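S.K.:
Protein chains: 2
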Amino acid sequence: MIGEIIAIGDELTSGRIVNTTSGLAARHLFLLGHQIRAMHTIGDDPKLIGTTLKAAVERSDFILVTGGLGATSDDLTNEAVIKALGLNGAVHPGVKANIESRLGRGEQAAIPLAKLANLPEGVEVLDPDCRMAGYLLWYHNKPLYFLPGVPPQMEFLLRNEVVPRLQAFDAGHAQPVCQRIYRTCGLYEIEINKRLKPLEDQNIEIGYYPVGAEVHVSLTCHRLQKGVENSDFIRTDAFIREALGDDLYGFNEDTLAAVTGKLLAQHGLMLGVAESCTGGLIAASLTEIPGSSRWFKGGTVVYANEAKERLLGIKAETIAKNGAVSSTVARAMAAGTVNHLGCDIAVAATGIAGPDGGTADKPVGTVYLGLAFRGHVSSRRHLFHGSRRQVQEKTAQSAIDMVRRTLLDFNPAQ
Amino acid sequence: MIGEIIAIGDELTSGRIVNTTSGLAARHLFLLGHQIRAMHTIGDDPKLIGTTLKAAVERSDFILVTGGLGATSDDLTNEAVIKALGLNGAVHPGVKANIESRLGRGEQAAIPLAKLANLPEGVEVLDPDCRMAGYLLWYHNKPLYFLPGVPPQMEFLLRNEVVPRLQAFDAGHAQPVCQRIYRTCGLYEIEINKRLKPLEDQNIEIGYYPVGAEVHVSLTCHRLQKGVENSDFIRTDAFIREALGDDLYGFNEDTLAAVTGKLLAQHGLMLGVAESCTGGLIAASLTEIPGSSRWFKGGTVVYANEAKERLLGIKAETIAKNGAVSSTVARAMAAGTVNHLGCDIAVAATGIAGPDGGTADKPVGTVYLGLAFRGHVSSRRHLFHGSRRQVQEKTAQSAIDMVRRTLLDFNPAQ
Chain A
1 MIGEIIAIGD ELTSGRIVNT TSGLAARHLF LLGHQIRAMH TIGDDPKLIG
51 TTLKAAVERS DFILVTGGLG ATSDDLTNEA VIKALGLNGA VHPGVKANIE
101 SRLGRGEQAA IPLAKLANLP EGVEVLDPDC RMAGYLLWYH NKPLYFLPGV
151 PPQMEFLLRN EVVPRLQAFD AGHAQPVCQR IYRTCGLYEI EINKRLKPLE
201 DQNIEIGYYP VGAEVHVSLT CHRLQKGVEN SDFIRTDAFI REALGDDLYG
251 FNEDTLAAVT GKLLAQHGLM LGVAESCTGG LIAASLTEIP GSSRWFKGGT
301 VVYANEAKER LLGIKAETIA KNGAVSSTVA RAMAAGTVNH LGCDIAVAAT
351 GIAGPDGGTA DKPVGTVYLG LAFRGHVSSR RHLFHGSRRQ VQEKTAQSAI
401 DMVRRTLLDF NPAQ
Chain B
1 MIGEIIAIGD ELTSGRIVNT TSGLAARHLF LLGHQIRAMH TIGDDPKLIG
51 TTLKAAVERS DFILVTGGLG ATSDDLTNEA VIKALGLNGA VHPGVKANIE
101 SRLGRGEQAA IPLAKLANLP EGVEVLDPDC RMAGYLLWYH NKPLYFLPGV
151 PPQMEFLLRN EVVPRLQAFD AGHAQPVCQR IYRTCGLYEI EINKRLKPLE
201 DQNIEIGYYP VGAEVHVSLT CHRLQKGVEN SDFIRTDAFI REALGDDLYG
251 FNEDTLAAVT GKLLAQHGLM LGVAESCTGG LIAASLTEIP GSSRWFKGGT
301 VVYANEAKER LLGIKAETIA KNGAVSSTVA RAMAAGTVNH LGCDIAVAAT
351 GIAGPDGGTA DKPVGTVYLG LAFRGHVSSR RHLFHGSRRQ VQEKTAQSAI
401 DMVRRTLLDF NPAQ
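If you're matching them up, the sequences are chains A and B in order. Position one of the first sequence corresponds to residue 1 (UniProt numbering), numbered consecutively onward. Position one of the second sequence corresponds to residue 1 (UniProt numbering), numbered consecutively onward.
#1: Looking at C-alpha atoms only, which residue of B:280, B:164, B:203, B:218 is the closest neighbour of residue 180 (chain B)?
#2: Assuming residue 337 (chain B) is part of the alpha helix (DSSP H), what are its boundary residues?
#3: To the nearest angstrom, how far is the alpha carbon of residue 33 (chain B) from that of residue 198 (chain A)?
#4: Name the residues in the region 24 to 43 of chain A whose C-beta lies less than 9 Å from a C-beta of chain B; which are they?
#5: Would you mind working out which of A:320, A:87, A:129 sits nearest residue 101 (chain A), comparing C-alpha positions?
#6: Cβ-heavy atom distance between residue 352 (chain B) and the ligand FAD below 7 Å?
#7: Report the CB separation of residue 281 (chain B) from residue 392 (chain B) in whole angstroms; it is logged as a contact under 8 Å.
#8: Could you check which residue in B:6, B:371, B:44, B:214 has the C-alpha nearest to that of residue 251 (chain B)?
#9: Mind checking if residue 394 (chain B) is an interface residue toward chain A, Cβ cutoff 8 Å exclusive?
#10: Just checking: is the beta-carbon of residue 296 (chain B) within a distance shorter than 8 Å of some beta-carbon in chain A?
#11: Kindly list, in the order they appear in chain A, the residues whose Cβ is closer than 7 Å to that of residue 9 (chain B).
#12: Would residue 343 (chain A) and residue 394 (chain A) qualify as a contact pair, given that the criterion is a beta-carbon distance under 8 Å?
#13: Please name the residue in B:288, B:271, B:285 whose C-alpha comes closest to that of residue 340 (chain B).
#14: For the alpha helix (DSSP H) holding residue 118 (chain B), just list the boundary residues, first then last.
#15: Mapping DSSP to helix, strand and coil, what is residue 167 (chain A)?
#16: With contact counted as at least three CB pairs below 8 Å, one residue from each stretch, are the region 4 to 18 of chain A and the region 159 to 170 of chain A in contact?
#17: For residue 75 (chain A), which residues of its own chain have a beta-carbon under 7 Å away from its beta-carbon, when the five flanking residues on both sides are left out?
#18: Tell me whether the beta-carbon of residue 187 (chain B) lies closer than 8 Å to the beta-carbon of residue 407 (chain B).
#19: Looking at C-beta atoms only, is the number of pairs between the region 233 to 241 of chain A and the region 299 to 315 of chain A that lie closer than 8 Å three or more?
#20: Should residue 92 (chain A) be labelled buried (16 or more other beta-carbon atoms within 10 Å of its own) or exposed?
#21: Tell me the residue span of the alpha helix (DSSP H) that contains residue 405 (chain B).
#22: Out of A:48, A:294, A:118, state which residue places its alpha-carbon closest to the alpha-carbon of residue 71 (chain A).
#23: Taking only beta-carbon positions, decide if residue 19 (chain A) is within less than 8 Å of chain B.
#24: Would you say residue 73 (chain A) reaches chain B, if we count a Cβ-Cβ gap shorter than 8 Å as a contact?
#25: Under a CB-based cut-off of 8 Å, is residue 414 (chain B) close to chain A?
#26: Within the same chain, show all residues whose beta-carbon is closer than 8 Å to that of residue 44 (chain B), passing over the 5 residues directly before and after it, in chain order.
#27: Counting only beta-carbon separations shorter than 8 Å, does residue 281 (chain A) have a partner in chain B?
#28: Would residue 340 (chain B) pass as an interface residue toward chain A - the criterion being a Cβ-Cβ separation below 8 Å?
#29: Please report the distance separating the alpha-carbon of residue 328 (chain A) from that of residue 350 (chain A).
#30: Terminal residues of the continuous alpha helix (DSSP H) containing residue 154 (chain A)?
#31: In chain B, what lies closer than 8 Å to residue 301 (chain A) by C-beta?
#32: Can you tell me the Cα-Cα spacing of residue 56 (chain A) and residue 312 (chain A), whole angstroms?
#33: Since residue 347 (chain B) and residue 399 (chain B) are thought to touch, with beta carbons under 8 Å apart, how far apart are those beta carbons, to the nearest angstrom?
#34: Which residues in chain A sit within 7 Å of residue 386 (chain B), going by Cβ to Cβ distance?
#35: Under 6 Å Cβ to Cβ from residue 378 (chain B), same chain only, skipping five residues before and after it: list those, please.
#36: List the endpoints of the continuous beta strand (DSSP E) containing residue 384 (chain B).
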């Protein structure tokens with residue numbers, strides 16, 4: 001289906017906050033086979049909210065509106081929608097009850113309850129517990145989804161409430177597209193492009209989406225028959241899997257951390273980390289995964305040299321002789337983690353994230369990864385480009401990928 | 001003046017590329033005293049490009065259009081504009097000459113020269129050397145600026161060619177704004193709203209933007225005289241600072257981590273962290289700041305209980321008796337960090353990030369922060385709402401804020 005996204009808020013039109021939510025929603029919906037025709041970002045201007053919404057409803061199949069649903073005086077979406085579409089407002093009993101149950105009497109008095117709970121009549125509130133703002137409004141038989149502007153809430157409701165409803169609604173319409181995302185780590189876009197060259201000029205679409213050290217490849221194919229994957233899709237899918245090999249770590253919504261965690265859990269192994277230049281980002285990526293305690297034991301952020309000595313027992317001479325950014329120290333960090341933390345496998349990162357600290361030999365972006373597993377310690381040198389944060393992110397992705405590749409090669413019987 | 005921004009490209013509406021250029025342009029223009037009414041992001045769809053442009057010209061004083069000026073078949077802006085506004089196309093001699101002088105004969109043949117050089121009749125090309133795409137088109141006495149979608153080119157032409165022309169055009173009726181952002185941590189939006197209640201109905205605008213455990217407040221005020229901050233702004237600014245007190249950590253582009261790091265550096269103190277539920281996120285936030293090695297020593301991610309014992313020397317009995325999520329363990333983690341890492345001040349976090357692991361006593365979102373400084377150890381209990389990642393992020397923000405508040409109260413002379 002074809003949709004439009006409308007984001008509301010003066011903080012967006014003034015450029016104070018970069019609007020990332022619309023792009024995120026567009027990407028998510030695109031991967032599900034929908035097309036976003038346009039995204040609008042509008043200030044807290046009821047009249048323009050109204051005219052934009054009306055124009056969008058006229059030409060598109062569904063609309064996503066984000067922002068302006070809060071309790072403060074600059075939140076104007078509900079009033080604007082009621083007025084623009086000629087609807088009645090009504091206090092939503094579920095939203096009202098939730099606010100009353102959560103707040104003390106004094107706080108209730110301070111909150112413009114009527115404002116928060118006064119929604120267009122007949123809407124379906126999306127959060128079953130009515131804790132988060134957001135609702136579905138049907139208008140001229142088209143679904144209009146209203147979501148909070150706060151990115152995590154928006155994303156949560158989008159994934160869990162909007163998408164299932166949209167897919168159910170769409171099931172009655174033509175579903176023209178089947179699509180799969182192939183997620184890789186450690187390959188440049190241009191290399192993947194070369195491997196997939198034979199697929200060009202066929203009746204399929206291939207898209208490339210670099211995300212730090214990862215590249216995601218999308219395969220899009222038009223279905224000839226509803227619910228049936230056509231033979232083009234099946235043949236192309238097999239070709240892509242073969243071409244990407246072990247560089248392919250997962251599909252669609254898989255993440256590198258979750259896939260790696262699953263491998264660790266399968267082998268009953270506990271992972272530890274030692275981080276210098278990434279400063280905690282490897283551990284933070286791993287522990288973002290629910291249930292990571294089953295396969296992640298912990299680690300150290302040994303940012304200062306003294307921390308490397310005190311927490312991992314690395315000798316000051318080793319650092320002085322080789323430099324903190326060296327393959328020797330990366331190995332010592334990994335080995336020290338196995339010893340001090342008592343984990344089964346450990347990965348370590350030391351490097352120069354920048355913007356300062358680079359030399360001719362070791363420019364900004366130089367990173368050494370170390371890995372210790374079953375008495376064997378290895379290391380690998382990388383050179384990453386980009387800002388400080390980009391170097392840190394690419395390093396964290398590559399470190400997790402190093403664990404994944406080690407486990408792919410691991411045969412417990414040997 | 002009031003303007004609108006239109007960004008063009010399928011790579012934007014598919015979410016493959018996040019549109020950062022519109023926000024950047026909006027911010028730049030906003031700070032010069034202009035107001036952006038709306039930003040539109042549109043796919044490579046000539047009809048919608050046309051209708052959006054026409055609607056925008058009707059209601060706004062100037063328009064900025066980015067993208068779709070290139071040589072490939074999906075670059076459709078010129079054709080769409082010519083058609084939508086009923087203009088004639090004409091080969092621009094300067095652009096044509098530049099392309100011919102830069103390219104060899106073979107390359108010229110391969111490039112659709114007519115496409116690149118065929119602009120709406122009568123436009124002024126912005127780049128004096130005609131190397132970059134981009135022009136100014138006057139339509140119904142309003143300036144329409146067309147710029148390349150590539151961010152650095154867009155920004156260069158915006159600053160050097162668009163802004164001077166726009167300011168000259170605007171010279172008669174300028175009404176610049178002054179704006180300040182107040183960044184707080186540890187207060188609910190509704191509490192800030194209450195404190196700032198007396199400011200409502202004045203000739204100023206106040207906006208609220210929650211970001212995890214932080215809330216950012218914007219104050220916008222129209223200048224009465226160019227270059228002079230008016231008395232409303234000065235008075236309101238003083239009121240807001242007073243009302244927010246120590247909950248206010250910074251202004252405009254400040255971050256909690258950078259502000260806290262600056263305080264640490266001022267006092268010559270090295271910080272250490274111990275993280276359980278945040279899993280590295282506190283350290284990752286701190287080490288995102290360039291130069292953090294001057295005030296951040298390192299830390300541990302003691303995710304498993306055994307990690308707490310091995311890396312921080314916390315006794316198994318202490319954990320068994322109090323539970324890993326307890327004020328006792330939070331304090332022991334902070335104190336253990338000072339001892340094991342040898343830092344001056346340490347903050348620790350232990351909690352239940354979810355989605356599982358909650359109990360009646362300690363539901364998901366329960367977090368204990370511990371802080372050790374100068375022989376004194378304290379702790380604080382929080383209850384955060386949201387997804388696993390949101391609980392982790394709010395915990396990390398609050399932990400860093402706990403360090404900041406400790407240093408605010410710190411008098412080295414005592």
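Backbone N, C-alpha and C fix where the C-beta goes; we use that ideal spot for every residue, glycine too. Here the structure is a predicted model, which is why all the values come from computation and not from measurement.
M.R.: Inspection of the coordinates gives the following:
#1: As a working mapping, residue 180 (chain B) is identified with position 180 in the second sequence. The shortest C-alpha separation from residue 180 (chain B) is found at B:218.
#2: For the purposes of this step, residue 337 (chain B) is taken as the residue at position 337 of the second sequence. Residue 337 (chain B) -> alpha helix (DSSP H) spans 327 to 341.
#3: Against the second sequence, residue 33 (chain B) aligns to sequence position 33. Against the first sequence, residue 198 (chain A) aligns to sequence position 198. For residue 33 (chain B) and residue 198 (chain A), the distance between alpha carbons rounds to 53 Å.
#4: 24, 25, 26, 27, 28, 29, 30, 31, 35, 36, 37, 38, 39, 40, 41, 42, 43
#5: Here the question's residue 101 (chain A) lines up with position 101 in the first sequence. The option with the nearest alpha carbon to residue 101 (chain A) is A:129.
#6: Of ligands this structure carries none, so the ligand FAD is not represented either.
#7: In the second sequence, counting from the first residue as 1, residue 281 (chain B) sits at position 281. In the second sequence, counting from the first residue as 1, residue 392 (chain B) sits at position 392. Right, the Cβ-Cβ distance comes to about 5 Å (below 8 Å), so this counts as a contact.
#8: Against the second sequence, residue 251 (chain B) aligns to sequence position 251. Checking every option, the nearest Cα to that of residue 251 (chain B) belongs to B:214.
#9: Along the second sequence, one-based indexing puts residue 394 (chain B) at 394. Not closer than 8 Å to any Cβ of chain A, the Cβ of residue 394 (chain B) fails to qualify, so no.
#10: As a working mapping, residue 296 (chain B) is identified with position 296 in the second sequence. Yes - at least one Cβ of chain A is within 8 Å of the one on residue 296 (chain B).
#11: Along the second sequence, read from residue 1 onward, the residue named residue 9 (chain B) stands at position 9. Ordered by position in chain A, no residue passes the 7 Å Cβ test against residue 9 (chain B), which lies about 11 Å from the chain.
#12: Reading the first sequence from its first residue, position 343 is the one you call residue 343 (chain A). Reading the first sequence from its first residue, position 394 is the one you call residue 394 (chain A). Not a contact, by the Cβ cut-off of 8 Å.
#13: Within the second sequence, numbered from 1, the residue matching residue 340 (chain B) stands at position 340. It is B:271 whose Cα lies nearest to the Cα of residue 340 (chain B).
#14: Your numbering for residue 118 (chain B) matches position 118 in the second sequence. Note, residue 118 (chain B): premise wrong, no alpha helix (DSSP H); beta strand (DSSP E) at 118 to 120.
#15: Position 167 of the first sequence, counting from 1, holds the residue named residue 167 (chain A). Residue state, collapsed to three classes: helix.
#16: no
#17: Walking along the first sequence from the start, residue 75 (chain A) turns up at place 75. Apart from the 5 residues on each side of it in sequence, residue 75 (chain A) sits with its Cβ closer than 7 Å to the Cβ of 68, 69 in its chain, given in chain order.
#18: The residue labelled residue 187 (chain B) in the question sits at position 187 within the second sequence. The residue labelled residue 407 (chain B) in the question sits at position 407 within the second sequence. Result no, Cβ atoms of residue 187 (chain B) and residue 407 (chain B) do not sit closer than 8 Å.
#19: Contact between the region 233 to 241 of chain A and the region 299 to 315 of chain A is not established, with fewer than three Cβ pairs separated by less than 8 Å.
#20: As a first step, residue 92 (chain A) must be located in the first sequence, where it is residue number 92. Classification of residue 92 (chain A): buried, given that the 10 Å Cβ count is 16 or more.
#21: Position 405 of the second sequence, counted from the start, is the residue given in the question as residue 405 (chain B). Counting along the chain, the alpha helix (DSSP H) containing residue 405 (chain B) begins and ends at 388 to 408.
#22: Position 71 of the first sequence, counted from the start, is the residue given in the question as residue 71 (chain A). Ranking A:48, A:294, A:118 by Cα distance to residue 71 (chain A) puts A:118 first.
#23: Here residue 19 (chain A) refers to the residue found at position 19 of the first sequence. Output row for residue 19 (chain A): interface = yes.
#24: Position 73 of the first sequence, counted from the start, is the residue given in the question as residue 73 (chain A). Closer than 8 Å: yes.
#25: Numbered from 1 along the second sequence, position 414 holds the residue referred to as residue 414 (chain B). By this cut-off, residue 414 (chain B) is not an interface position.
#26: What you label residue 44 (chain B) is simply residue 44 of the second sequence in a count that begins at 1. Contacts found: 8, 9, 10, 68, 74, 75, 76.
#27: Translated into positions along the first sequence, residue 281 (chain A) becomes position 281. Yes, residue 281 (chain A) lies at the interface with chain B (some Cβ there is under 8 Å from its Cβ).
#28: Within the second sequence, residue 340 (chain B) is the residue found at index 340, counting from 1. Closer than 8 Å to some Cβ of chain A, the Cβ of residue 340 (chain B) qualifies, so yes.
#29: Here the question's residue 328 (chain A) lines up with position 328 in the first sequence. Here the question's residue 350 (chain A) lines up with position 350 in the first sequence. Straight-line Cα distance between these residues: approximately 10 Å.
#30: Position 154 of the first sequence holds residue 154 (chain A). That run of the alpha helix (DSSP H) goes 151 to 157.
#31: For this step, residue 301 (chain A) is matched to residue 301 along the first sequence. Those are 273, 280, 283, 287, 298, 299, 300, 301, listed as they occur along chain B.
#32: Against the first sequence, residue 56 (chain A) aligns to sequence position 56. Against the first sequence, residue 312 (chain A) aligns to sequence position 312. Each residue's alpha carbon lies about 59 Å from the other.
#33: If you number the second sequence from 1, residue 347 (chain B) lands on position 347. If you number the second sequence from 1, residue 399 (chain B) lands on position 399. Between residue 347 (chain B) and residue 399 (chain B) the beta-carbon gap is near 5 Å, inside 8 Å, which marks them as a contact.
#34: The residue labelled residue 386 (chain B) in the question sits at position 386 within the second sequence. The answer, in chain order, is 152.
#35: Mapped onto the second sequence, residue 378 (chain B) falls at position 378. 371, listed in sequence order.
#36: By one-based count along the second sequence, residue 384 (chain B) stands at place 384. Where residue 384 (chain B) is concerned, there is no enclosing beta strand (DSSP E), given that its DSSP letter is neither H nor E.
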